[in-house]
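Asker: First to last, the protein sequences are chains A and B. Numbering-wise, the UniProt record's numbering puts 190 at position 190 of the first sequence, and it's gapless, one number per residue. Numbering-wise, the UniProt record's numbering puts 72 at position 72 of the second sequence, and it's gapless, one number per residue. By construction, the Cβ of each residue, glycine as well, lies at the ideal position given by its N, Cα and C atoms. Since the structure is predicted, the reported quantities are computational estimates derived from the model, not experimental observations. Encoded as structure tokens, here's the structure I'll be asking about.
Protein chains: 2
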Amino acid sequence: MVGLRERKKQRTRRALIEAALRLFEEKGFEETTLAEIAAAADVSTRTFFSYFAAKEDVLFYDTGARAELAMSLLAGRAPDESPADVLMKVVDESMRMTATYEELTFENTELRIRLILTVPALQAKALLLLFDTQLALARALHDAYRDRLSLTEAAAAVGALVGAIKLAVFANLDNSRSLQEIWDTGRRAAQITLAGLRSLG
Amino acid sequence: MVGLRERKKQRTRRALIEAALRLFEEKGFEETTLAEIAAAADVSTRTFFSYFAAKEDVLFYDTGARAELAMSLLAGRAPDESPADVLMKVVDESMRMTATYEELTFENTELRIRLILTVPALQAKALLLLFDTQLALARALHDAYRDRLSLTEAAAAVGALVGAIKLAVFANLDNSRSLQEIWDTGRRAAQITLAGLRSLG
DNA sequence: AGAGGTTTTTTCACCTATTGTAATTTTGCA
DNA sequence: TGCAAAATTACAATAGGTGAAAAAACCTCT
């Protein structure tokens, strides 16, 4: 599995991501063309699309991993852990992951977040990906607590939690100087919401 | 203000929307081209873009109205109404509005909702619009209850409420036969969430 | 009704994302 | 080395979207 072929693909993938990030920073997302990204990564334009389905996707390289993390936390829950406890753990770990994802350096993480929060096309994509993740998580939560939570309740819980964090974080962006402050706002929103949801058991 | 010019613009706008809906129903969203829509509405392709900024926007003709409704409910609240009460009213009225919006017939409303729930590009756009609306609502809520709710709390409340409804409705789509059933799921999710949020006062 | 100014629509030219296809190059392996 | 599989490239075409100038429609005023 780690033949030259695989290693080369990883290198190309990384080159594309880094070239894209650099160019986006220099000239902006919309102002950067695919041809430029491909050229900077030394591949043909067409090849870009065998790595990413669309221009925006070059910035969403870790969504799968985040969803898997949530699922595995859910699967590995302690027998006496309540849904609210598990969800809070998912929130914490998910935030930790964003800050430390091994594939890129920290500066790039900040740039990436800024871009996603700023460019409408990226915002829309992010919201869509997040939505799908939530849906999967809600279904998994329902399965895990089949006796206690209906699908509607599980969906309401996940939706409320993620929705609260999302909006609270965004509404507070202007006041947040560091990633740490952003995470804090998110956790606070999560706690407010979960306090309410705990009544579900 | 109601000269021929204005009336003609309204007619063209309506023709574009209806042509688009009809074609989307017949051949699907992505399979329908802008040229076809424009032709069906008897205008040049370029003209489409002086009515709508993008192909998807032809399906989101009422978002502004929905946001205004929410704001006016907030502005006209009774002195003793709690944030949770106002929010619940916003949810109810907003759903009622979707079903009865005067600009199109009921069949078109169902088609429109089905398309938005089904086509990824439309989902993404809908999520983005909804997000912006939520943000505005959160700010307005904060302003209205400045003494009781911080911006973070207001955002968490709105985000939780809308997030819960959104996910619950979507997760239940397969089980919902009518618009009415969909609304019921949404209201249930809203009540679950607000029960928790009422602790905020 | 008609002149003259304003708004809208159309035409035209162009850019970029995205996709299909067939040719070409690379890599894995016998 | 030599061949099959996988990846990359070149090429062509479609579609959404934008800018700008010319043409058509509308409005106001006389």
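Nearest to Thr152 of chain B by alpha carbon, out of A:Phe131, A:Ala190, A:Leu115, A:Ala140?
Answerer: With distances taken between Cα atoms, Thr152 of chain B lies closest to A:Ala190.
Asker: Find out if the Cβ-Cβ distance for the pair Met97 of chain B, Ala140 of chain B is shorter than 7 Å.
Answerer: No, Cβ-Cβ distance for Met97 of chain B and Ala140 of chain B is not below 7 Å.
Asker: With 16 as the cutoff for other CB atoms within 10 Å, does Asn172 of chain B come out buried or exposed?
Answerer: It is buried - the Cβ of Asn172 of chain B has at least 16 other Cβ atoms within 10 Å.
Asker: Give every residue of the same chain whose Cβ lies closer than 7 Å to the Cβ of Thr185 of chain B, excluding the five residues on either side of it in the sequence, and list them in chain order.
Answerer: Correct list, in chain order: Ala168, Val169, Asn172, Ser176.
Asker: Just verifying my parser: in three-state terms, what is the DSSP assignment at Thr185 of chain B?
Answerer: In this structure, Thr185 of chain B counts as helix in the three-state DSSP scheme.
Asker: With the cut-off set at 7 Å, would you say Thr45 of chain A and Leu34 of chain A are in Cβ contact?
Answerer: Cβ atoms of Thr45 of chain A and Leu34 of chain A: closer than 7 Å.
Asker: Can you pull the chain B neighbours of Val162 of chain A, defined as C-beta to C-beta under 7 Å?
Answerer: The answer, in chain order, is Gly163.
Asker: With a threshold of 16 other CB atoms inside 10 Å of the CB of Gly196 of chain B, please say whether the residue is buried or exposed.
Answerer: Flag for Gly196 of chain B reads buried.
Asker: Give a yes or no on whether 7 Å exceeds the smallest Cβ distance from Gln134 of chain A to chain B.
Answerer: Taking Cβ atoms only, chain B reaches closer than 7 Å to Gln134 of chain A, which makes this a yes.
Asker: Given that Gly64 of chain B touches chain A, what residues does it touch there, using C-beta distances under 8 Å?
Answerer: The contacting residues do not exist; Gly64 of chain B stays about 17 Å from chain A at best.
Asker: Output the distance between the C-alpha atoms of Thr12 of chain B and Glu26 of chain B, rounded to the nearest integer angstrom.
Answerer: Approximately 21 Å, taken between the alpha carbons.
Asker: Should the segment 133–148 of chain A be regarded as contacting the segment 118–127 of chain B, the criterion being three or more beta carbon pairs within less than 8 Å?
Answerer: No: the two stretches stay apart, fewer than three of their Cβ pairs being nearer than 8 Å.
Asker: Val158 of chain A versus chain B: which residues are under 7 Å apart at the beta carbon?
Answerer: The contacting residues are Leu167.
Asker: From the beta carbon of Ala138 of chain B, is the nearest beta carbon of chain A less than 7 Å away?
Answerer: Chain A, which has a Cβ nearer than 7 Å to the Cβ of Ala138 of chain B, makes this yes.
Asker: Three or more C-beta pairs closer than 8 Å, one from the segment 6–25 of chain A and one from the segment 110–119 of chain A: is that the case here?
Answerer: Judged by Cβ distances under 8 Å, the segment 6–25 of chain A makes contact with the segment 110–119 of chain A, as three or more pairs qualify.
Asker: Using a Cβ-Cβ cutoff of less than 6 Å, which residues in the same chain neighbour Ala164 of chain A once the five nearest sequence positions on both sides are dropped?
Answerer: Excluding positions up to five away in sequence, the list reads Ala189, Thr193.
Asker: Let me make sure I understand the geometry here. Which of B:Ala65, B:Ser94, B:Leu111 has the alpha-carbon closest to that of Trp183 of chain B?
Answerer: Closest by alpha carbon: B:Ser94.
Asker: For residue 202 of chain B, which three-state DSSP category applies?
Answerer: In the structure as shown, chain B starts at 1 and stops at 201, and residue 202 of chain B therefore has no counterpart that could be examined.
Asker: Check the Cβ-Cβ distances between Thr47 of chain A and every residue of chain B, and say whether any is below 7 Å.
Answerer: False, the Cβ-Cβ gap to chain B never drops below 7 Å.
Asker: Does any CB atom of chain A fall closer than 7 Å to the CB of Ile192 of chain B?
Answerer: So, interface residue.
Asker: Check each candidate in A:Gln180, A:Gly76, A:Glu31, A:Phe52 and name the one with the smallest Cα separation from Val119 of chain A.
Answerer: The residue with the shortest Cα to Cα distance from Val119 of chain A is A:Glu31.
Asker: Which whole-angstrom value is the C-beta distance of Leu16 of chain B and Leu87 of chain B, which I expect to be below 8 Å?
Answerer: About 35 Å; that fails the 8 Å criterion.
Asker: To the nearest angstrom, how far is the alpha carbon of Pro83 of chain B from that of Ala156 of chain B?
Answerer: Roughly 12 Å between the two C-alpha positions.
Asker: Which class does Leu23 of chain B belong to by DSSP, given the choice of helix, strand or coil?
Answerer: If DSSP states are grouped into helix, strand and coil, Leu23 of chain B belongs with the helices.
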